[in-house]
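Structure, as structure tokens:
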Amino acid sequence: MKAIAYYASLPISDEKSLQDIELPEPVPGPRDLLVEVKAISVNPVDTKVRQNVAPEGGAAKVLGWDVAGTVKAVGSEVTLFKAGDKVFYAGSIARAGANSELHVVDERIVGHMPKSLGFAEAAALPLTAITAWELLFERLRIREGAQDEGQSLLIVGAAGGVGSILTQLASRLTGLTVIGTASRPQTRDWVSALGADHVIDHSQPLSEALKRAGIDHVTHVASLTQTDQHLDQLVEALAPQGKLALIDDPKALDVTKLKRKSLSLHWEFMYTRSLFETADMLEQHKLLNRVAGLIDDGTLKTTVGEHFGRITAANLRRAHTLLESGKAKGKIVLEGF
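Here UniProt numbering is used: position 327 in the sequence shown is 327, and no number is missing along the way.
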């Protein structure tokens, strides 16, 4: 089968950083689906793994953790899907990625694809939807409906992949006042269109920007990027006993700064369930099915930013380059081999 992989961690400007190769077809295990990959999207985790994780023993390493495709075959213990089903999922970072014609994945972390979307539009959703959902409802313990009306959520990096779906979830499913950050006119317009009540500029001191918007403090913060750079401002912006959730990888974080206000810290990593095969892995299957329903009933919309064409090494290098620039809006998708 066709696949895109790398043999050494190289700068994305090097043509060998991602290469078109051929690999044997994978064989599904008892709980696995064998999926014919129709479309993928690209995430910051792809660039981080490529930059920092060298393949073992000279083997090819395949990236890609956002998939939409069709089930080709199922393992002996599969109960949730059958051959021919259209599916979408983010997979497991502990297994080979999905930048390949065929891919195997545990059925417990797979959802039925939204009926109203094509493969490319669906591929933009799984990783960011799981991350945003778990962060909002499981880490920050926000409740659906109007129960948290009067509370507020500041989303730092609201125009990115996770921010684009988190802004929709928070504004459309909860009673929170949602404040998104974006620094360019086009990303500010994007965040506003996704449902944010206010949009502020994260290139300016955040606590001051909030006050200019008429907001003294927020009760919750979702810091999706540059948490270490913004930490002092986030602590200042949070109300006493507020909650700070993050998904990025700060090199250092002085958590003692949270003590005076009794702020709580929450880390979201959507691969935790699949990495440790937790007892509640099935929650990601349920979550993705719920997201598919919300897409189909018009509550949520896909967050495709750009379509980069077919799934090739050259196009994936372009996608990695854009992600590494920090200027991506929404999700980058690729479709077909």
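Just so you know, even glycine gets a beta-carbon here, dropped at the ideal spot from N, CA and C. All figures in this text were calculated on a predicted structure; none of them were measured in a lab.
Query	Result
Could you check where the beta strand (DSSP E) with LEU136 kicks off and where it finishes?	First-last for LEU136: undefined, no H or E at that position.
Please state the DSSP three-state secondary structure of LEU287.	helix
Could you round the C-beta distance between GLY69 and VAL35 to whole angstroms and report it? I think they count as a contact, below 8 Å.	4 Å
Using only alpha-carbon positions, find the residue among GLY97, ASP20 and LEU125 that is nearest to GLY330.	LEU125
With distance defined between alpha-carbon atoms, name the residue in GLU277, LEU173 and ARG108 nearest to GLU77.	ARG108
Rounded to whole angstroms, what's the CA-CA distance from ASN289 to ARG95? Just pull it up for me.	23 Å
Report the start-end ranges of each alpha helix (DSSP H) in the stretch 149-178 that is 4 residues or longer and not cut off at the edges.	161-173
May I ask you to list the residues that DSSP assigns as paired with ALA245?	ALA222 and HIS266
Are the beta-carbon atoms of HIS220 and LEU153 separated by less than 8 Å?	yes
Identify, in the order they occur along the chain, each residue of the same chain with its Cβ nearer than 8 Å to the Cβ of THR321, setting aside the five sequence neighbours on each side.	ILE12 and SER13
If I follow the unbroken beta strand (DSSP E) through HIS307, where does it start and stop?	304-307
What residues are listed by DSSP as bridge partners for LEU102?	GLU36
Where are the beta strand (DSSP E) runs, 3 residues long or more, that stay fully inside the stretch 294-334, in chain order?	304-307
For VAL104, which residues in the same chain have their Cβ closer than 6 Å to its Cβ, ignoring the five residues on either side in sequence?	PRO26, PRO28, ASP32 and LEU34
Is the stretch 188-207 close to the stretch 126-134, with three or more CB pairs under 8 Å?	no
What separation, rounded to the nearest whole angstrom, lies between the Cα atoms of VAL71 and ALA122?	15 Å
Rounded to whole angstroms, what's the CA-CA distance from PHE137 to ARG212? Just pull it up for me.	29 Å
Name, in chain order, the residues that DSSP records as bridge partners for GLN186.	None; GLN186 has no bridge partner.
Please state if the CB of ALA319 and the CB of ILE311 are separated by a distance shorter than 8 Å.	no
Return the residue from the list GLY84, LYS82 and ALA39 that minimises the CA-CA distance to GLY64.	ALA39
Look at the alpha carbon of PRO30 and the alpha carbon of VAL67, and state the distance between them as a whole number of angstroms.	20 Å
If you drop the 5 nearest sequence neighbours on each side, which residues of the same chain put their C-beta closer than 8 Å to that of GLU283?	ARG273
What does a CB cutoff of less than 8 Å around LYS48 pick up in its chain, not counting 5 residues either side in sequence?	ASP249
State the DSSP-derived secondary structure class of HIS230, mapped to helix, strand or coil.	helix
If GLU15 sits next to LYS2, beta carbons under 8 Å apart, how far is it from one beta carbon to the other, in whole angstroms?	Not a contact, Cβ separation roughly 17 Å.
With ALA120 as the anchor, note down where its beta strand (DSSP E) starts and where it stops.	No beta strand (DSSP E) holds ALA120; the alpha helix (DSSP H) holding it covers 119-123.
Taking only runs of the beta strand (DSSP E) that begin and end inside the stretch 189-219, which ones reach a length of at least 3 residues, in chain order?	198-200
Taking its Cβ as the centre, do 16 or more other Cβ atoms sit within 10 Å of ALA279, making it buried, or is it exposed?	exposed
What are the boundary residues of the alpha helix (DSSP H) that VAL45 is part of?	44-52
Check whether the Cβ atoms of VAL191 and THR225 lie closer than 8 Å to each other.	no
Under three-state DSSP, which class holds VAL255?	helix
Please name the residue, chosen from MET270, SER325, ILE215 and ILE155, that lies closest to LYS243 on a Cα-to-Cα basis.	ILE155
Candidates TYR89, SER264 and GLY84: which alpha carbon is nearest LEU287's?	TYR89
Closer than 8 Å is the cut-off here; do at least three beta carbon pairs connect the stretch 251-264 with the stretch 178-186?	no
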